[in-house]
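Below: one structure, written as structure tokens.
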Amino acid sequence: MTVQVGKTTATMGKIALDAPIFDPPAFRLTNEQAAIITGARELGQTVFASRAAAYDRDATFPTENYKDLHRTGLLGISIPKKHGGLGADYQTYALAAAEIGRYCGATALTWNMHVCSTLWSGPLADDLDMDASVRAEHERRRAIHYKRIVDDGAIYSQPFSEGGAAAAGGVAFGTEAKPVNGGWIVNGKKIFASLSGHADYYGVLCTEIAEGQAASRRNTLYLAIPAKASGVSVVGDWDPLGMRGTVSRTLLFKDAFVEEDAALMPRGVYFQAALRWPHMFLTLSPTYMGLAQAAYDFTVRYLRGEVPGTPPVKRRMYPTKQIAVAQMQIKLEQIKTIWFQAVSEARANPSKEQVLRAYAAQYSVMEGANELAALAIRTCGGQAMLKSLPLERIYRDSRCGSLMLPWTAELCLDRIGREALYEAGETDD
Ligand SMILES: Cc1cc2nc3c(=O)[nH]c(=O)nc-3n(C[C@H](O)[C@H](O)[C@H](O)COP(=O)(O)OP(=O)(O)OC[C@H]3O[C@@H](n4cnc5c(N)ncnc54)[C@H](O)[C@@H]3O)c2cc1C
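Laid out in structure tokens, this is it:
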């Protein structure tokens, strides 16, 4: 399975392609993995990089990039091959997403929301318990979603956040789905809904509540609500510090009817996934792995006098610059190492050590990417942070990683401290 990047990439051949973040032989990747990841990198560097500044400046959604993701097959990267996708597993997707994030953070982050709709309903759900009839029904339903993506280029999003404790996993989602004949009636509100106004389907987490029932996290449903459904609206503006192209506005659902086939996971399976497949929440990190690499790449090029649009002045001969680059290289290697290990061991029922490592990897990437970008600005200097160059965007975009629920930097620290000191069910009473 190859990614068709070169077909319409007019600029190919003129640009010296970057080396991969993770060299396939060094990181023992298969040829098939390397082909998918190379396709993502080439698309990112030769096409997305030059569009990124405009999406950022105008806070507009990267619609053109999504057409390219569809054309190259990357919109269906994690859709199983039998459904027409590239069949990439978790690790392959994560490595490809890091390469996209290296050139356009907003595209990588929104692409993550889209891809997770297929990764979670696909390979991840295959690891979870379902009885035979539920699995057969799930298989039938997900085929509908996959066909829309592969054939029509349908875009999915993942609006979970509501502004309360639900997205952190503390309480049931306030968005409610009332079962009715043939489906559900959904009411609620989602904030920071990336791709709002641009996705074709909003993959909403909500709580199924029948008449007279109390809300419970066990009854979380994951429903793909059509953007055009009656009762769905996008409100509010979007003018943030970074990740501006994500267009993460507010979504409202007012008596929106959604049919049964909208379920991206059967009843009870999202709750099971959150407990048994925790690396599902590490999927926000690849974007920031790419941004960390981008900050480093920029610094090396700048100090060598090789950044297009800047005078060819070399600064690499100064010992202070060399020390700074050495510090950046060490930090980058630390981030790469823990992150690669964590994305490689994503699975059902990971060990306690693997879960703690996943939190530590998330923290390291999300905080580390911005630390590298800050160091890059200090090292390269004033001329390097002008808006005509990508570094200041990398700096702003990378600041947003630590805010992503449920594994914000603060919550990762909370979890590591608690879970390292207490075994499950242990108290001090
Ligand atoms: C660019 C961008 C795009 C986004 N896209 C999406 C999207 O597509 N879908 C989506 O669902 N969300 C998205 N989000 C939202 C994100 O996941 C968070 O929900 C949002 O940033 C939370 O903002 P808040 O101010 O409500 O955080 P709060 O919930 O008020 O939390 C503020 C901080 O307090 C800490 N905190 C929160 N809960 C606890 C707790 N129980 N204990 C201790 N500390 C806690 C956390 O560190 C958190 O960062 C996006 C955010 C950004 C910045």
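Heads up, the sequence shown is in this note's numbering, so the first residue is 1372 and it goes up one at a time. Glycine included, C-beta positions come from ideal geometry on N, C-alpha and C.
Distance cut-off 7 Å: residue i Cβ against heavy atoms of ligand 1
i: residue 1771; result: yes
i: residue 1779; result: yes
i: residue 1529; result: yes
i: residue 1534; result: yes
i: residue 1617; result: yes
i: residue 1541; result: yes
i: residue 1537; result: no
i: residue 1563; result: yes
i: residue 1775; result: yes
i: residue 1782; result: yes
i: residue 1614; result: yes
i: residue 1651; result: no
i: residue 1484; result: yes
i: residue 1785; result: yes
Spatial neighbours of residue i in its chain, beta-carbon cut-off 8 Å, leaving aside the 5 residues before and after
i: residue 1756; result: 1748, 1762, 1763 and 1766
i: residue 1608; result: 1620
i: residue 1380; result: For residue 1380, the pLDDT reaches just 44, beneath the cut-off of 50, and the residue's location in the model is therefore unreliable, although a value from the coordinates is still provided. Here the set comprises 1413, 1414, 1417 and 1418.
i: residue 1390; result: none
i: residue 1587; result: 1543 and 1578
Proximity below 8 Å, CB of residue i to CB of residue j
i: residue 1506; j: residue 1470; result: no
i: residue 1538; j: residue 1532; result: yes
i: residue 1549; j: residue 1596; result: no
i: residue 1652; j: residue 1591; result: no
i: residue 1714; j: residue 1461; result: yes
i: residue 1415; j: residue 1450; result: no
i: residue 1628; j: residue 1603; result: no
i: residue 1444; j: residue 1452; result: no
i: residue 1541; j: residue 1631; result: no
i: residue 1572; j: residue 1530; result: no
Chain-order list of residues whose beta-carbon lies under 7 Å from that of residue i (same chain, five-residue window excluded)
i: residue 1739; result: 1663, 1702 and 1706
i: residue 1514; result: 1454
i: residue 1716; result: 1725
i: residue 1779; result: 1773
i: residue 1671; result: 1696
i: residue 1378; result: Unreliable positioning characterises residue 1378 in this predicted model, as indicated by a pLDDT of 42, which lies under 50. The coordinate reading is nonetheless provided below. Same-chain partners within the cutoff: there are none.
i: residue 1495; result: 1644, 1648 and 1651
i: residue 1502; result: none
i: residue 1754; result: 1681
Expected contact under 8 Å - CB spacing of residue i and residue j to nearest Å
i: residue 1644; j: residue 1594; result: Incorrect: roughly 15 Å between the Cβ atoms, too far for contact.
i: residue 1769; j: residue 1741; result: 4 Å
i: residue 1583; j: residue 1426; result: That pair is no contact at about 47 Å.
i: residue 1782; j: residue 1666; result: Contact flag wrong, Cβ pair sits at about 24 Å.
i: residue 1397; j: residue 1610; result: With a Cβ gap of about 42 Å, residue 1397 and residue 1610 do not count as contacting.
i: residue 1447; j: residue 1521; result: 5 Å
i: residue 1439; j: residue 1719; result: Contact flag wrong, Cβ pair sits at about 33 Å.
Member of the options whose CA lies at the smallest distance from the CA of residue i
i: residue 1475; options: 1678, 1577 and 1661; result: 1661
i: residue 1606; options: 1776, 1619 and 1417; result: 1619
i: residue 1404; options: 1465, 1548, 1690 and 1578; result: 1465
i: residue 1477; options: 1510, 1565 and 1554; result: 1565
i: residue 1388; options: 1689, 1420 and 1496; result: 1420
i: residue 1575; options: 1617, 1484 and 1425; result: 1484
i: residue 1558; options: 1567, 1571 and 1544; result: 1544
i: residue 1735; options: 1760, 1708 and 1487; result: 1708
i: residue 1613; options: 1631, 1480 and 1386; result: 1480
i: residue 1482; options: 1743, 1658 and 1681; result: 1658
i: residue 1488; options: 1467, 1519, 1681 and 1502; result: 1519
i: residue 1393; options: 1732, 1760, 1711 and 1794; result: 1711
i: residue 1570; options: 1486, 1790, 1504 and 1577; result: 1486
i: residue 1689; options: 1655, 1699, 1750 and 1683; result: 1750
i: residue 1791; options: 1800, 1727 and 1745; result: 1727
i: residue 1472; options: 1504, 1436 and 1442; result: 1436
Own chain residues within Cβ distance below 6 Å of residue i, not counting five before or after
i: residue 1423; result: 1475
i: residue 1560; result: 1623
i: residue 1786; result: 1730
i: residue 1509; result: 1637
i: residue 1686; result: 1674 and 1692
i: residue 1732; result: 1709, 1710 and 1713
i: residue 1601; result: none
Beta carbon proximity, residue i to chain B, threshold 8 Å
i: residue 1463; result: Among the chains in the structure shown there is no chain B, since it carries only a single protein chain.
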